[in-house]
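*Asks:* Following this message is one structure expressed as structure tokens.
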Amino acid sequence: MDYTILSIAPIFLAPFTAFVINAFFGKKLPRQGDWVSVLGIGIAFLFAFRIFIDFYSTYSTEYYIHKYFTWFDLSYGENLFKIDLGIYIDNMGAIMLLMVTGVAFFIHLFSTWYMWGDVRYGKFFTLMSLFTSGMLGLVLSDNLLSMFIFWEIMGFCSYSLIGFYFEKEKAGYASIKAFMTTRVGDVFFLLGILAIWHTVGNVSLPDIYAAIANGSFEGHTVIGISLATFAGFCIFCGTIGKSAQFPLQVWLPDAMMGPTPCSALIHAATMVAAGVYLSLRMYPLMVAGGLTPFIAMIGGITAFGAATIALIQTDLKAVLAYSTISQLGYMVLGVGVGAYNAAFMHLITHAVFKACLFLSAGSVIHSVHTQEMPEMGGLRHKLKFTWIAMWCCTLAISGVPFFSGFVSKDRILGDALYVALHAGQGFTYMIPAALGFIGAFLTPFYMCRMMFLTFHGKPRDQHVYDHCHAEHLKINQNVPLLILSIFTLGVFFSGSLTGQGFVKIFGSKNEWFKVLVASPTESLDKFAYYTREELGWSDTNEKEKPEHSEYEHQSGFAGPNHENHEGLHHAHVEGAFGSIIIVACSIFFAFLMYIRRSIDPARFVNMFSVWVKALKNKYYFDHLYIDVIIQKGLLKFNNALAWFDMGIYDRFAIDGWEAVSRVGYKSSNWFDRIVVDKIGVDGTAVATNIFNIVLRLIQSGKIQTYFIVLIFMLVTFVAVLT
Amino acid sequence: MSGILNLILWLPVVGMIGVLVTPKGKDQLVRYISLGATALTFIVTILLYLRFDESNPNVQQVFQVPWIEQFHINYALGIDGISLPMILLTGLLFFICILSSWTITKSVKAYFALLLMLESSVFGVFMSLDFFLFYVYWEVMLLPMFFLIGIWGGENREYAAVKFFLYTFFGSIVMLVGIIALYYATGKGPDSFSILALQGGHFTDMTVNVFGTDFSFEKLFFWSMFLGFAIKVPIFPFHTWLPHAHVQAPTAVSVILAGVLLKMGTYGFLRIAFPIFPSAAVEYSTAIAILGVISVIYGAFCAMAQNDVKKLVAYSSVSHMGFVMMGLAAMTIQGMNGAVLQMFNHGTSTAMMFLMIGVIYERSHHRWIVRPDGTKGYGGIAAHLPRYTVVFIIGMFASLGLPGLSGFISEALIFLGIYQRFTTITVIAVLGLLIGAAYLLWMYKRMFFGEPSDEVKSYSDMNAREVFYMVPLCIAVIVFGVYPAPILNIMKSSVGQLVELMAQFQ
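Written out as structure tokens, the structure is:
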């Protein structure tokens, strides 16, 4: 397909235009302009779908679109410097675009029901449109700089939407916490960009791949660390911040202060996943820098730790927030163990089912006006459609066969198992893999607990139950949920697990996801001889491809090498069976505890009381960061420094000169009187006298005198000169 | 020969005379005369931009007549790509300041006359090609500032005005020594005060005997220039006059001070200190970069502790001007362009911040984020003043360096530039971005979130006049954030030439 700017740019420009229209005219438009936003994202979806179909029908890992233009050019003489911005779409980008536009469309649609009647209804849609355009801009970006730009714009939208109900003090704290915590990662991200820019000459993705393939990163060090490690670490810090990984996970649970649809879009489906997306894009750098064990460890810890906190949450959205952190941990674990394809697939499947879960939670919360699960119960009789949709997603996230979560998560776990046991990596990956499997046991438990507490059993608060209206099919309430829940079926992503020929919609391409999303490490040689030329708005697909490449994996990391199908397949079968058993046990356990009531949860709480206390305090991270580092450290230091600046430095080191000059004045006065005997006065005395006169004039308060003085001084000045 | 620079330079003076001859009691007429004069000046600066040749790195629109012939002092004006952005900024900000000063009632005539005089002298600094003329304007500028702070300022205005005056005066005296030294070093020839002729590193090998010791002429007088300009910027440790001056100054003067006057310091480096003493500048660039990064971090930390919102923004200026110094010290094409762009962008964004503080001050008559007794000064502004909140957010995030708004590009360019020479300093300096976001958001949270108090509920939202003068700044901040090429195109040839000059001495 021939692409021009007009066939790609609307993906970004349609929501952005919606933002501009709503920002200026939103209040004057009917329905405060919500339809503009929905229309904007709808148009973006159509264009993204067209691109996806193109990539799907081309069905080649080699196919990509790369177009760019010069943003500005500072070249002068021999100093060349310009910044190009552009579009880079490969199979991964095309899938991502489809997911973002699709999910965002349904979330926008749902918002017209959920937010209706809100005081700042229009403002909500304005910000959502800006956010969506930012996310789409990030996916379209061909370089790290514009990725960073959109990354920060998303951060701003996230900040504004978390603080959407700014009358609440808590919303203020939550928004600032979200922005600042992610900014810690962002600052590192920026450093990474600088390091790469300095080495490669620009930050366009194909150029970076080419530089890695050609070994440009080798032999450089930054502050004593090898360049690839430094740059990779910095970029991964961006992921840690944005994807709420340990140790910067603290902001995401608080981010639930925002309206639920924004949680669904920003804090579940897209923005937090953008962190993982960045890591996937920079995957060759992570490998070259030897960071994969570190990444796997971070992912494993996050996946496990967040899952444990989710066990004891009573707030419906808090459970989902921690489950999001945990699932993002799985994706990062996937990146770390080299399960590139599976990590990305989990990103997509998770985005769909988690968006749906959040929207369902929104549907529940809007119907019962509470977020506390202990006040709910028995809601399945009233919220039938929400109940169905939410169960589909719960099964998907739990990893039940035939659902999407099973396909993606078990590939990650299978790869982790393979790397831990069969790849000859020693103990390096054992802990992350083990944490991943324990997390896989916890996930179905807390999700089913949430479902049981919300929808099953008897209503625990009759008042809440009675006030909940029975649900009818509504285009902007539960229809989006049901449509999204259809896509929690595994068949859309993988054919093999549904039995060959079970659904023939994909024909021979039923493993499309696995085939299309190839790791850039594997296809790095495609970039090895890539040279940047001034192409403007033209395709780069026609480029001559090198016949062979001298590139070899630099770190010697033997991730799941897909040529070694035997061992990998073995590990996958082990992993799959293992996790099916784990999931079954877990669900059964939850069933016994919350439906049958044959096991009392309080027994476990008593048994692990210390741990439960730690869980209630979210492992004391908030305490450490806010009470210790910020309150006791940073703020005290700031106050001390500011006091030093004004109270000590300015008062003595600067104003002290006044005393010195007074001493000088007095002593020279004395010198005058005694030694020179009033024959003359020295320059200091004259200056001081003039100054005193000026001061007295100021105090006299007569404006006219100032002018006389002013003009007098000017005249003297000029007279002295000429 | 061109008269357009003279027009820009003297139009405010004509306005000042007009204001002075207006009969007593006609305050409204005084305001309109000043508004007309600044508006006309701004239009002429736009015309100047349209006539500017971007591909020419050299000085353009030169106007030169002899002034004091026995000393070879000329009245020489000219602009290049470094001064034009500053001239455009000056024209815009003074126009806005006149509008923002509409509510001044104390000695209206004198106030507007001084403001117009200030405008003329600022233009003079940015246009002078003669070192002596430069110095004259540099000094003349102090007088209106002194009176504007000393008469229309806050409670402690006299202290602040005197401090500002003496501190800057001290710096310029040291600079004057350098000027005189240059005059003798060039043999009192016809070019002894010509800034352009002095440039290019003619003094590299010269020595000077002071107290019987031989010093390198270039190094010694680089520091004398450095001191004069560093106080003006201000760089740590010469920054303490700034918070005092800002807190006491009336809104418009704060805007001019932060928006334009601080840039005169960095402009001095670009126009005088660096090109005249290039090898010393290169040699001491590490020191400058270190002072820059200290300013960034120190200013940001101090800003975080402030309870007076104006003081907070004053310290943030110290921090942001530190970025400019870092960009200058980088001496690379990215860093220098970034520095000049940051001068422009900081001018617009910080002007927005001070104007917005002025707007709320007119309603509340205080500026406490947290009062000394520990209670909240504001709180809940967002819920009650939506228009004010939107404009404030734009200004704040521009100043914070949010991508998509102007501050980001200049900071990114500076970082790109300095990373190539001082990696470790860059690693430390990015911390400034973090703290920079922290103090601004923390301030915003305390002022804007929460339920509005009864006092806040009594405030009225921005009126038409206030919106009118904020709009151009909002546009500048957004447009140059998305598409910075127009401003960068103005400066890139001149900056590129300077970078080439500096590269010869590396």
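Chains as they are written, first to last, in our numbering: chain A, 799 to 1520; chain B, 2 to 507.
A virtual CB, placed ideally from N, CA and C, is assigned to each residue, including glycine.
1) Once DSSP output is grouped into helix, strand and coil, what is the label at residue 1179 (chain A)?
2) What are the boundary residues of the alpha helix (DSSP H) that residue 1280 (chain A) is part of?
3) Run through chain B and tell me which residues come within less than 7 Å of residue 1448 (chain A), C-beta to C-beta.
4) Keeping to the same chain, check which residues put their C-beta closer than 6 Å to that of residue 922 (chain A); ignore five residues upstream and five downstream.
5) Is the CB-CB distance between residue 121 (chain B) and residue 13 (chain B) below 8 Å?
6) To the nearest angstrom, how far is the alpha carbon of residue 892 (chain A) from that of residue 1133 (chain A)?
7) Using Cβ-Cβ distances below 7 Å, what residues of the region 407–426 of chain B are close to chain A?
8) Taking beta-carbon pairs under 7 Å, can you tell me which members of the region 464–496 of chain B lie near chain A?
9) Within 10 angstroms of the Cβ of residue 373 (chain B), are there 16 or more other Cβ atoms? Answer buried if so, exposed if not.
10) Find the residues of chain B that neighbour residue 995 (chain A), judging by a C-beta separation of less than 7 Å, and give them in chain order.
11) Who are the Cβ neighbours of residue 841 (chain A) in its own chain at under 7 Å, not counting the five residues just before and after it?
12) For residue 1350 (chain A), I'd like the list of residues in its chain whose CB is within less than 8 Å of its CB, leaving aside the five on either flank, ordered along the chain.
13) Take residue 1092 (chain A) as the anchor and find which of A:1056, A:1071, A:1131, A:1103 has the nearest alpha-carbon.
14) Report all residues from its chain with a CB closer than 6 Å to the CB of residue 849 (chain A); omit the five preceding and five following residues, and keep chain order.
15) Within its chain, find whatever has a CB closer than 7 Å to the CB of residue 751 (chain A); leave out the 5 residues flanking it on each side and keep chain order.
16) In its own chain, which residues sit with a C-beta less than 6 Å from the C-beta of residue 109 (chain B), not counting the 5 before and 5 after it?
17) For residue 214 (chain B), report the span of its beta strand (DSSP E) as first-last.
18) At a Cβ threshold of 8 Å, is residue 248 (chain B) touching chain A?
19) Three-state secondary structure (DSSP) at residue 103 (chain B)?
20) Quick check: what's the CA-CA separation for residue 1255 (chain A) versus residue 963 (chain A)?
21) Quick one: is residue 950 (chain A) near chain B, going by C-beta distance under 8 Å?
22) Quick one: what's got a C-beta closer than 8 Å to residue 107 (chain B)'s C-beta in the same chain, skipping five residues either side?
23) For the alpha helix (DSSP H) containing residue 211 (chain B), name the first residue and the last one.
24) Within its chain, find whatever has a CB closer than 7 Å to the CB of residue 15 (chain B); leave out the 5 residues flanking it on each side and keep chain order.
25) Helix, strand or coil for residue 1002 (chain A), going by three-state DSSP, please let me know.
26) In the region 138–185 of chain B, which residue ranges form an unbroken alpha helix (DSSP H) of at least 4 residues, counting only runs that do not cross its ends?
27) So, at 6 Å on beta carbons, what are the nonlocal neighbours of residue 135 (chain B) in its own chain, with the 5 sequence-adjacent residues on each side left out?
28) What beta strand (DSSP E) runs, 3 residues minimum, are completely inside the region 56–120 of chain B?
29) DSSP on residue 31 (chain B), reduced to helix/strand/coil?
30) I'd like the span of the alpha helix (DSSP H) that includes residue 1239 (chain A), first residue to last.
31) Starting from the beta carbon of residue 369 (chain B), find every residue of chain A whose beta carbon is closer than 7 Å, and list them in chain order.
32) If you measure from the beta carbon of residue 428 (chain B) to each beta carbon in chain A, is any gap under 8 Å?
33) For a contact meaning CB atoms closer than 7 Å, what does residue 443 (chain B) contact in chain A?
34) When the Cα atoms are used, what is the spatial distance from residue 199 (chain B) to residue 214 (chain B)?
35) How about the region 344–357 of chain B and the region 424–434 of chain B: do they share at least three Cβ pairs that are nearer than 8 Å?
36) Which residues in chain A have a C-beta closer than 7 Å to the C-beta of residue 384 (chain B)? List them in chain order.
*Replies:* If we stick to the structure as given:
1) Residue state, collapsed to three classes: helix.
2) Looking at the DSSP string, the run of the alpha helix (DSSP H) that includes residue 1280 (chain A) is 1276–1284.
3) Near residue 1448 (chain A) (Cβ distances below 7 Å), the residues of chain B are 241.
4) A distance below 6 Å between beta-carbons, with the five flanking residues on each side excluded, links residue 922 (chain A) to the following residues of its chain, in chain order: 913.
5) Yes, these two residues count as a Cβ contact at 8 Å.
6) Residue 892 (chain A) and residue 1133 (chain A): Cα-Cα distance of roughly 20 Å.
7) Here the close residues are 416, 417, 420, 421, 424, 425.
8) Here the close residues are 485, 486, 489, 493, 494.
9) Within 10 angstroms of the beta-carbon of residue 373 (chain B) lie fewer than 16 other beta-carbons, which makes it exposed.
10) Neighbours of residue 995 (chain A) in chain B, taken as residues whose beta carbon is under 7 Å from its own, are 417 in chain order.
11) Only 808, 812 meet the Cβ criterion.
12) Legend: pLDDT at residue 1350 (chain A) = 38, less than 50; position of this residue unreliable, value from coordinates given subsequently. Closer than 8 Å at the Cβ level, and outside the excluded window around residue 1350 (chain A), lies no residue.
13) Answer by Cα proximity: A:1131.
14) These residues qualify, in order along the chain: 892.
15) Here chain A has residues from 799 to 1520 only, and residue 751 (chain A) is not among them.
16) Same-chain partners within the cutoff: 28, 31.
17) Following the DSSP letters along the chain, one finds residue 214 (chain B) inside the beta strand (DSSP E) bounded by residues 214–217.
18) It does not; no Cβ of chain A falls within 8 Å.
19) Coil, per DSSP.
20) When rounded, the distance between both Cα atoms is 33 Å.
21) Taking Cβ atoms only, chain B reaches closer than 8 Å to residue 950 (chain A), which makes this a yes.
22) Closer than 8 Å at the Cβ level, and outside the excluded window around residue 107 (chain B), lie 152, 153.
23) Annotation: residue 211 (chain B) is outside any alpha helix (DSSP H); the continuous beta strand (DSSP E) that includes it extends over 208–211.
24) Answer for residue 15 (chain B): 38, listed in chain order.
25) If DSSP states are grouped into helix, strand and coil, residue 1002 (chain A) belongs with the strands.
26) Look at the region 138–185 of chain B and you find these whole runs of alpha helix (DSSP H), each 4 residues long or longer: 143–153.
27) The residues are 129.
28) Runs found: 61–69, 74–80.
29) Note: residue 31 (chain B) maps to helix in three-state DSSP.
30) Looking at the DSSP string, the run of the alpha helix (DSSP H) that includes residue 1239 (chain A) is 1228–1253.
31) The premise fails here: residue 369 (chain B) is roughly 15 Å from chain A at the closest Cβ pair, so nothing lies under 7 Å.
32) Yes, residue 428 (chain B) counts as interfacial toward chain A.
33) Within chain A, the residues whose beta carbon sits less than 7 Å from that of residue 443 (chain B) are 974, listed in sequence order.
34) When rounded, the distance between both Cα atoms is 25 Å.
35) The region 344–357 of chain B is not in contact with the region 424–434 of chain B.
36) Under a criterion of Cβ atoms nearer than 7 Å, the residues of chain A adjacent to residue 384 (chain B) are, in order, 964, 965.
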